[in-house]
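S.K.: Here it is: the structure, laid out below.
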Amino acid sequence: MLMPSSGWTRYLSSMQGLVEHPLVQYDRYLQGIDDQKEALAKMVEAAKQKKDEELVKKMNDRMQKIQKMSFKRYLTSNHKRLEEDLNKCVETFWNDLPRSTTTEENFRCMKEASRLLATLGKLLHSAPEEQLETLFKSEDERNWSLFQNLVTQVHHDVSFELKEARSMCLEKLKHLSSHFVLPDIFEPRSIEEFLLQRAKSVLCTASSAYRLYYLQTPQPFDIVVVDEAAQLKECESLIPLQLPGVRHVVLIGDEHQLPALVKSQPKHLLNVQYRMHPVSSFYESQIKDGPNVLHRSYERKHLTDPMYGSYSFINIDSGSESTGKGDRSLINTVEVAAVVRIVQRLFKESVDTRSRVQVGVVSPYKGQVRAIQEKLGKKYEMHDGFSVKVRSVDGFQGAEEDVIIFSAVRSNSSGKIGFLADLNRTNVALTRAKHCLWILGNATTLAGGKTIWREIVADAKVRGCFYDAKNDTELSNAINMAVIEMDEVENVLKLEGLRIGGSRHGV
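Heads up: the sequence shown runs through residues 822 to 1328, numbered per my numbering.
Next comes the structure, spelled out in structure tokens:
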């Protein structure tokens, strides 16, 4: 719903572009088909030179399946798809989002836009195939009254209704684009503020009320009601009482019941762990392994290759770290490809053996987490016996899974690993696995500095748990494909830069 690439914002902008400039969108679609066929034709020629008849046949079959849609079919099918996506979003917003007097207009606009889009869809379907494209050609002449000179080409009522529905749709869509702006899904605080700014009442503890202090709301909170006030320490009560704009305070409690209590006790180390397989259990020799993890039945072999035992460090030295889109969080696309391939193999093995497997993918960088989530998609959500959770180190604290795949991300010649060197963060990351812990990273980079990771890499080598990804055929192929795609993307970006520069020069 809030995803920038597949949520409300994307659907809204796509629908606005389709309604406002349908011919431009259709031309881009046709160009994309032509580019796809051209690329396949080049692949066919290359396959012919290599005398790979099977690949030639495969590419020719793919070319035969690529068919261009007519303008009407393209317009109506995309309109229907985007309309359904927008309606799902509108229904969710209508039912779940808090409202205020300042946002009520947006909700009314959503409902009106849904009604107008449905009307526009019916009118597009009723317009004749041979005349619909002609109706929109006046757009090239930048004439907003698209049909004023073409009324004689179709029935007067249909053309007038189509013109009016399109105009009103654009008005509503543009209003929502500028006035109903969703928060960044990757920033929990922005989502929290988005909801709180529209809420009429907020339930929270006295201590957590401090988070409301800097909240920019159209109307401040007028009343503070404190329940069980007799158990509230005086210092805690000051937090909600200092909220800006508060005019009335109601304290509800019984002074003859239990008062506030502050009690401290000496700390004790719980020195037996019942989660991790002994081969991946560590804590400076302060912790013992419980009887359950010492039992032979606790060992799992989810994949047959020795590389995927109870504990492995898998060296991936062909990747490179880079900043993601929209922020400075690091990603390593080669490690993303490796993680995805390992998950695919785990899923296949789980299905073949009918075994239940819970997989956790952990990375210290949010950019890497997002990249892996996008690659995995929702493919594994509907399988009862197999689950995948992809989170940051912070998001995985307190959790555990059968298999943990850790993507270290950092890959550079200087040996810099940033906050990956933090002992607490490393502790959390490497203690989430019950049966298997597989670390994916560039051993040279991680061991380049005087950090805990130098010891981890050295320990893996001493114990025979150090493996090179190049020695696994499937993993090596996935990594090589990721490297090739990375190079192709860089070439495309360079080519696009040349095209844009050439277009501007021509203008």
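Quick reminder that beta carbons are idealized off the backbone N, C-alpha and C, glycines included.
Could you say which of 1159, 985 and 1118 lies nearest to residue 1138 if we only look at CA atoms?
M.R.: Closest by alpha carbon: 1159.
S.K.: Residues in the same chain with beta-carbon distance under 7 Å from residue 846, minus the five sequence neighbours each way, listed in chain order, please.
M.R.: These residues qualify, in order along the chain: 838 and 839.
S.K.: Considering only residues of the segment 987-1015, which uninterrupted beta strand (DSSP E) runs meet the minimum length of 3 residues and lie entirely inside it, listed in chain order?
M.R.: Fully enclosed beta strand (DSSP E) runs of 3 or longer: not present.
S.K.: How close, in whole Å, do the beta carbons of residue 1136 and residue 1230 come, if the pair is a contact with beta carbons under 8 Å?
M.R.: Wrong, their Cβ atoms sit about 14 Å apart, outside the cutoff.
S.K.: Take residue 834 and list the residues in its own chain whose beta-carbon comes closer than 8 Å to its own, dropping the five residues that flank it on each side.
M.R.: Taken in chain order, the residues that qualify are 998.
S.K.: Return the CA-CA distance between residue 897 and residue 942, expressed in angstroms with no decimal places.
M.R.: Cα to Cα, residue 897 sits roughly 7 Å from residue 942.
S.K.: Near residue 1017, what residues of its chain come up, given a Cβ to Cβ distance below 8 Å and the 5 sequence neighbours on each side ignored?
M.R.: The answer, listed in chain order, is 1023, 1033, 1036 and 1038.
S.K.: I think residue 1209 touches residue 1180, with their Cβ atoms under 8 Å apart; what is that distance to the nearest whole Å?
M.R.: Their Cβ separation, rounded to whole angstroms, is 5 Å, which keeps residue 1209 and residue 1180 in contact under 8 Å.
S.K.: Beta-carbon separation of residue 1211 and residue 1123 under 8 Å?
M.R.: Going by C-beta atoms, residue 1211 is not nearer than 8 Å to residue 1123.
S.K.: Taking all protein chains shown into account, do 16 or more other C-beta atoms lie within 10 angstroms of the C-beta of residue 1082, making it buried, or fewer, making it exposed?
M.R.: Residue 1082 comes out exposed.
S.K.: Please identify the residue among 877, 874 and 890 whose C-alpha is closest to the C-alpha of residue 853.
M.R.: Ranking 877, 874 and 890 by Cα distance to residue 853 puts 890 first.
S.K.: When burial is assigned at 16 or more other CB atoms within 10 Å of the CB, is residue 1252 buried or exposed?
M.R.: It counts as buried.
S.K.: So residue 1120 and residue 1131 are supposed to be a Cβ contact under 8 Å. How far apart are they, rounded?
M.R.: At roughly 6 Å, the Cβ-Cβ gap stays under 8 Å, so residue 1120 and residue 1131 are in contact.
S.K.: On a Cα-Cα basis, can you pick out the residue from 991, 1186, 892 and 938 that is closest to residue 777?
M.R.: Since the first residue of the chain shown is 822 and the last is 1328, residue 777 is not available in this structure.
S.K.: Roughly how many whole angstroms lie between the Cα atoms of residue 864 and residue 953?
M.R.: Whole-angstrom Cα-Cα distance: 37 Å.
S.K.: Is residue 847 helix, strand or coil when you go by DSSP?
M.R.: DSSP places residue 847 in helix when its eight states are reduced to three.
S.K.: From 1020, 1126, 1108 and 1197, pick the residue whose C-alpha is nearest to that of residue 1040; which is it?
M.R.: Nearest option by C-alpha distance: 1020.
S.K.: In three-state terms, what does DSSP make of residue 1257?
M.R.: Residue 1257 falls in the strand class under three-state DSSP.
S.K.: Leaving out five residues before and five after residue 1046 in sequence, what residues of the same chain have Cβ atoms less than 6 Å from its Cβ?
M.R.: Only 1071 meet the Cβ criterion.
S.K.: Rounded to the nearest angstrom, how far is the Cβ of residue 1051 from that of residue 1078, given a contact under 8 Å?
M.R.: Right, their Cβ atoms sit about 6 Å apart.
S.K.: Between the C-alpha atoms of residue 836 and residue 1196, what's the straight-line distance to the nearest angstrom?
M.R.: If I take the Cα positions, the gap works out to 25 Å.
S.K.: Using the C-alpha atoms, what's the distance from residue 1141 back to residue 1236?
M.R.: Each residue's alpha carbon lies about 12 Å from the other.
S.K.: CB-CB under 6 Å to residue 1096, same chain, minus the five flanking residues each way: which ones, in chain order?
M.R.: 1221 and 1255, listed in sequence order.
S.K.: Taking residue 946 as part of the alpha helix (DSSP H), name the residues at either end of that continuous run.
M.R.: Note, residue 946: alpha helix (DSSP H), 925-947.
S.K.: Considering only DSSP beta bridges, list what residue 1289 is partnered with.
M.R.: Answer is 1136, bridged to residue 1289.
S.K.: Check residue 887 in the structure and name its three-state DSSP category.
M.R.: Correct three-state label for residue 887: coil.
S.K.: Nearer than 7 Å: is that true of the beta carbon of residue 1075 relative to any heavy atom of the ligand ZN?
M.R.: As presented, the structure is devoid of all ligands, the ligand ZN included, so that no description of it is given.
S.K.: Which one or two residues does DSSP pair with residue 1226 in a beta bridge?
M.R.: For residue 1226, which the question treats as bridged, DSSP gives the partners 1182 and 1259.
S.K.: Would you report the Cα separation of residue 1170 and residue 1269, rounded to the nearest angstrom?
M.R.: Taking the straight line joining both Cα atoms gives about 36 Å.
S.K.: Is the beta carbon of residue 1000 less than 8 Å from the beta carbon of residue 927?
M.R.: Their beta carbons are under 8 Å apart, which means residue 1000 touches residue 927 by this criterion.
S.K.: For residue 1108, I'd like the list of residues in its chain whose CB is within less than 6 Å of its CB, leaving aside the five on either flank, ordered along the chain.
M.R.: These residues qualify, in order along the chain: 1092 and 1094.
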